[in-house]
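Here is the structure we will look at, set down as structure tokens.
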Amino acid sequence: MTVTLAWIAVALIIITSVGLLLVRDWRWSITLLAIQYIGIFVLMLQLWPIGMASVKVVAGWMAAAILGMTRSGLSDENLAEENTWPRGRLFRVFAAVMVLIIVAGVTPSVDTIMADAGFAVTTGSLLLIGMGLLHLGITAHILRVTIGLMTVLSGFETIYSAVEGSVLVAALLAVITLGLALVGSYLLIASNSTGTEPA
Amino acid sequence: MNAPTIWIVAPLAFAIVLLFITNQRSLGILGGVFAVSLAAIAQFVPIEEAVQVGTVSLKIDSSLTVLGRILLIPPEEGPLLALIYGSGSLWFFGAEASRTATRIVPFGLMITALMVASIAVEPFLYAALFIEMAILIAIPLLTSIYRPPGRGVVRFLIYQTLAMPFILLAGWLLAGVEASPGDLALAAQSTAMLGMGFAFLLAIFPLYNWVPLLMEETSPFIVGFLLWILPTITIIFGAGFLDRYSWLHSSPQIVIALRSAGLLMVVSGGLWAAFQRHLGRIMAYGSIVETGFSLIALSLDPKLGIPILFLLIPARALGLAVWSLSLTVIKENVETMRFGAAQGMLRITPLAGAGMVIAALSTSAFPLLAGFPARLALWESLARVSISGALWMGIGIIGLLTSVFRSLAVISMAEEYTTWELRESPTQVFMLGLGVIGLFALGLFPQTVQYFLSNLPAMFERLGR
Numbered sequence: 007m008t009v010t011l012a013w014i015a016v017a018l019i020i021i022t023s024v025g026l027l028l029v030r031d032w033r034w035s036i037t038l039l040a041i042q043y044i045g046i047f048v049l050m051l052q053l054w055p056i057g058m059a060s061v062k063v064v065a066g067w068m069a070a071a072i073l074g075m076t077r078s079g080l081s082d083e084n085l086a087e088e089n090t091w092p093r094g095r096l097f098r099v100f101a102a103v104m105v106l107i108i109v110a111g112v113t114p115s116v117d118t119i120m121a122d123a124g125f126a127v128t129t130g131s132l133l134l135i136g137m138g139l140l141h142l143g144i145t146a147h148i149l150r151v152t153i154g155l156m157t158v159l160s161g162f163e164t165i166y167s168a169v170e171g172s173v174l175v176a177a178l179l180a181v182i183t184l185g186l187a188l189v190g191s192y193l194l195i196a197s198n199s200t201g202t203e204p205a
Numbered sequence: 006m007n008a009p010t011i012w013i014v015a016p017l018a019f020a021i022v023l024l025f026i027t028n029q030r031s032l033g034i035l036g037g038v039f040a041v042s043l044a045a046i047a048q049f050v051p052i053e054e055a056v057q058v059g060t061v062s063l064k065i066d067s068s069l070t071v072l073g074r075i076l077l078i079p080p081e082e083g084p085l086l087a088l089i090y091g092s093g094s095l096w097f098f099g100a101e102a103s104r105t106a107t108r109i110v111p112f113g114l115m116i117t118a119l120m121v122a123s124i125a126v127e128p129f130l131y132a133a134l135f136i137e138m139a140i141l142i143a144i145p146l147l148t149s150i151y152r153p154p155g156r157g158v159v160r161f162l163i164y165q166t167l168a169m170p171f172i173l174l175a176g177w178l179l180a181g182v183e184a185s186p187g188d189l190a191l192a193a194q195s196t197a198m199l200g201m202g203f204a205f206l207l208a209i210f211p212l213y214n215w216v217p218l219l220m221e222e223t224s225p226f227i228v229g230f231l232l233w234i235l236p237t238i239t240i241i242f243g244a245g246f247l248d249r250y251s252w253l254h255s256s257p258q259i260v261i262a263l264r265s266a267g268l269l270m271v272v273s274g275g276l277w278a279a280f281q282r283h284l285g286r287i288m289a290y291g292s293i294v295e296t297g298f299s300l301i302a303l304s305l306d307p308k309l310g311i312p313i314l315f316l317l318i319p320a321r322a323l324g325l326a327v328w329s330l331s332l333t334v335i336k337e338n339v340e341t342m343r344f345g346a347a348q349g350m351l352r353i354t355p356l357a358g359a360g361m362v363i364a365a366l367s368t369s370a371f372p373l374l375a376g377f378p379a380r381l382a383l384w385e386s387l388a389r390v391s392i393s394g395a396l397w398m399g400i401g402i403i404g405l406l407t408s409v410f411r412s413l414a415v416i417s418m419a420e421e422y423t424t425w426e427l428r429e430s431p432t433q434v435f436m437l438g439l440g441v442i443g444l445f446a447l448g449l450f451p452q453t454v455q456y457f458l459s460n461l462p463a464m465f466e467r468l469g470r
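Chains as they are written, first to last, in this note's numbering: chain D, 7 to 205; chain H, 6 to 470.
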């Protein structure tokens with residue numbers, strides 16, 4: 007049952023991470039990010055008790071809320087998508103498929119190295135890392151960079167939970183997730199500024 | 006009372022209080038005096054030894070337990086703390102002159118405390134988490150909320166953040182290698198992970214493109230602080246890896262990789278600097294060369310390399326402090342720091358111009374300046390193991406020297422009959438004057454710093470003994 011649930015979480019992560027690459031509306035991006043953390047939570051349940059695993063989802067949702075609330079208060083003019091963002095959806099789907107193929111290829115060997123974390127957990131985390139890196143590679147937009155970094159880190163946290171169960175590490179990683187969201191918000195506000203400091 | 010509370014928790018708490026102070030002078034003095042006090046306590050009050058003060062007996066414990074893990078500052082690390090906080094005070098005292106005190110003093114103190122925590126945490130591989138927190142705090146230090154961030158800040162955030170997963174995973178894999186030393190595949194995987202992590206953290210070629218970008222976008226004084234503290238502590242953290250896993254340092258491949266990476270940084274940084282037409286970018290490449298020197302020192306026989314590594318630190322701190330303060334003063338008086346705009350600046354900011362040139366010469370191993378003794382020792386030691394390596398190091402230094410003489414030519418190239426029009430404030434003149442004197446003093450009397458440095462190698466159990 008739990009293995010089936012884990013594969014459902016992997017499917018959810020595929021949908022959300024590919025969705026994050028495709029959608030252009032920031033509301034959808036934040037929603038998909040929040041849903042992605044549910045998938046991560048389910049994967050973490052394979053390795054950690056529910057109390058520890060819920061730290062990830064709570065920190066992730068708080069981070070998504072911070073980003074969403076900041077973005078909602080800013081005008082759309084200054085934060086329009088940059089021209090360098092590859093516009094073709096077909097291109098992004100193609101790149102995502104490439105990541106999926108690579109992940110499928112390396113999962114067995116990585117799973118062996120990572121203390122047999124389980125195929126579902128390894129696949130899910132590698133997908134998150136791959137999609138996050140792809141995201142970082144094709145954008146310089148602050149919100150997207152923050153979401154990309156959070157995706158990479160959440161993938162790493164998932165796979166790292168197979169080998170590290172320390173409360174301190176879980177707490178510090180949660181602090182880093184929240185810190186990243188705060189820094190992303192700070193940079194979003196700065197991006198929207200006019201460039202003149204008050205006297 | 007315990008050491009982590011004094012050198013980690015107290016600075017963090019004090020930095021939060023400083024966030025509410027807006028007076029530049031007060032902030033500079035408070036931050037500087039606090040950092041100097043911490044350095045003095047670290048140097049003169051022994052850890053784990055009872056000290057009699059009147060009728061009271063005081064003892065500083067070395068450890069603090071947090072959530073089942075330990076922050077540990079053993080007695081051997083006292084001089085290192087003195088060096089870190091003493092060097093940090095250079096930036097805090099200079100903050101008023103650079104008019105960045107409201108940002109650099111509180112955030113700088115927080116970053117320093119977190120970097121000290123990264124050295125203190127046990128198991129030591131958790132250091133990556135503290136370094137990442139310091140990186141996150143560096144973002145509001147680098148950017149103003151009233152100005153859109155540049156590409157350099159975003160790249161800095163991405164590259165430094167990507168380092169953390171690599172280091173944490175490498176730490177776990179290295180533990181596996183210890184358990185089964187015969188597993189060569191696992192050893193190769195863990196080394197590759199470690200290499201990637203440090204390549205991101207130390208901005209090793211080709212991952213250093215954010216450094217010149219930051220120097221163009223942000224206050225040189227703030228970037229100078231980050232270019233000092235982040236690589237310095239990261240190198241010590243890296244040396245800790247080599248110390249704990251002796252097979253890493255005894256592996257000839259690792260030694261060659263360290264030396265090659267160091268030389269690549271020295272050569273590429275020196276040559277790129279020679280062709281730059283922006284004063285800030287030249288400093289960026291100068292700091293890249295400095296990191297290269299540290300990597301070369303790590304690749305040498307530890308008996309020689311580790312003392313040289315520590316000898317590089319004070320010169321780097323003072324050199325970057327003077328260089329970055331000089332550039333900040335110059336930047337105040339020109340539109341951009343491009344050569345075209347900075348022509349003849351020596352007539353407007355003579356001491357800043359001189360400070361920039363002398364600090365750059367110090368980085369370029371110019372005799373009688375602070376950087377010279379460490380670089381001479383490094384060059385000599387490198388030549389003993391690799392003549393070609395020493396030659397490449399020389400090429401990098403020549404590149405850097407070329408950039409210094411080009412900068413000097415540009416800032417002294419004023420129109421004929423241009424009058425002297427000094428625009429440096431008394432505080433700036435005082436701080437720059439002190440810094441330049443310090444660069445000469447460290448170059449002429451290098452043995453003075455030995456008082457602080459002589460016991461530092463003992464902090465490494467295997468490398469330093």
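Cβ atoms here follow ideal geometry from the backbone N, Cα and C, with glycine treated the same way.
Small disclaimer: the values here were computed from a predicted structure and weren't measured.
Per DSSP, Thr76 of chain D is not a residue of any beta strand (DSSP E); the alpha helix (DSSP H) it occupies stretches across 56–78. DSSP places Ala197 of chain H inside the alpha helix (DSSP H), whose first and last residues are 189–206.
Counting of Cβ neighbours within 10 angstroms places Ser42 of chain H among the exposed residues, the total staying below 16.
The stretch 213–260 of chain H contains, as complete alpha helix (DSSP H) runs of 4+ residues, the segments 215–222, 225–249, 251–255 (chain order).
At a cut-off of 8 Å between C-beta atoms, Arg343 of chain H does not count as an interface residue with respect to chain D. The beta-carbon of Arg152 of chain H is placed less than 8 Å from the nearest beta-carbon of chain D. Going by DSSP, Ala322 of chain H is part of the alpha helix (DSSP H) stretching over 307–337. Annotated as distal: Glu137 of chain H and Arg74 of chain H, with beta-carbon spacing of 8 Å or more. As for any alpha helix (DSSP H) of minimum length 4 sitting wholly inside the stretch 136–176 of chain D, the runs are 148–166, ordered along the chain. Under the three-pair Cβ rule at 8 Å, the stretch 56–65 of chain D does not count as touching the stretch 17–29 of chain D.
In the DSSP secondary-structure assignment, Leu63 of chain H is bridged to H:Val56.
In this model, Gly176 of chain H and Leu130 of chain H are separated by some 6 Å (Cα to Cα).
Close CB contacts of Met6 of chain H within its chain, under the 8 Å cut and outside five residues either way in sequence, are with Leu63, Lys64, Ile65, Asp66 (chain order). In this structure, Ala357 of chain H places its C-beta atom within 8 Å of the C-beta atom of Leu437 of chain H. For Ala146 of chain D, the nearest beta carbon of chain H is closer than 8 Å to its own beta carbon. Rounded to the nearest angstrom, the Cβ distance from Leu80 of chain D to Asn198 of chain D is 5 Å, consistent with a contact under 8 Å. Inclusion of Leu458 of chain H and Leu316 of chain H in the CB contact set at 8 Å is warranted, their separation being smaller than that value. Residue range 68–71 is occupied by the beta strand (DSSP E) that includes Leu69 of chain H.
Its chain contains Ala175, Leu178, Leu179, Val182 as the residues whose beta carbon lies nearer than 6 Å to that of Ser195 of chain H, once the 5 sequence neighbours on both sides are disregarded; these appear in chain order.
A straight line joining the alpha-carbon of Gly394 of chain H with that of Leu207 of chain H spans about 21 Å. If the five residues before and after Gly37 of chain H are omitted, its C-beta is found closer than 7 Å to the C-beta atoms of Ser94, Phe97, Phe98, all from its own chain and listed in chain order. In chain order, Pro170, Leu173, Leu174, Trp177 make up the part of chain H whose C-beta sits under 9 Å from the C-beta of Tyr166 of chain D. For Ile72 of chain D, no CB of chain H lies under 8 Å from its own CB, so it is not counted at the interface with that chain. Interface annotation, Phe125 of chain D: not in contact with chain H, CB-CB separation never under 8 Å. Residue-level contact by beta carbon holds for Gly185 of chain D and chain H, with a gap shorter than 8 Å. Rounded to the nearest angstrom, the Cβ distance from Gly285 of chain H to Glu385 of chain H is 32 Å, too far for a contact under 8 Å.
Leaving aside the five residues that flank Phe226 of chain H on each side, the residues in its chain whose CB is nearer than 8 Å to its CB run, in chain order, Trp96, Gly99, Ala100, Ser103, Thr105, Ile109, Ser329, Leu330, Leu332, Thr333. For Leu76 of chain H, the secondary structure class from DSSP, reduced to helix, strand or coil, is strand.
Residues of chain D whose Cβ lies closer than 8 Å to the Cβ of Gly73 of chain H are, in chain order, Ser172, Val173, Leu174. At a cut-off of 8 Å between beta-carbon atoms, Val103 of chain D makes no contact with chain H. What Pro145 of chain H touches in chain D, judged by beta-carbon distance under 8 Å, is Val189, Tyr192, going in chain order. Counting only runs that start and end inside the stretch 359–439 of chain H, the alpha helix (DSSP H) elements of at least 4 residues fall at 376–390, 392–416.
For Gln29 of chain H, the enclosing alpha helix (DSSP H) has its first and last residue at 29–49.
One Cα belongs to Ala69 of chain D, the other to Leu186 of chain D, and the distance between them is close to 8 Å. Contact between Arg282 of chain H and Arg343 of chain H holds: CB atoms are separated by about 6 Å, below the 8 Å threshold. Taking a cut-off of 8 Å on C-beta distances, the stretch 396–415 of chain H does not touch the stretch 320–329 of chain H, as fewer than three cross pairs fall below it.
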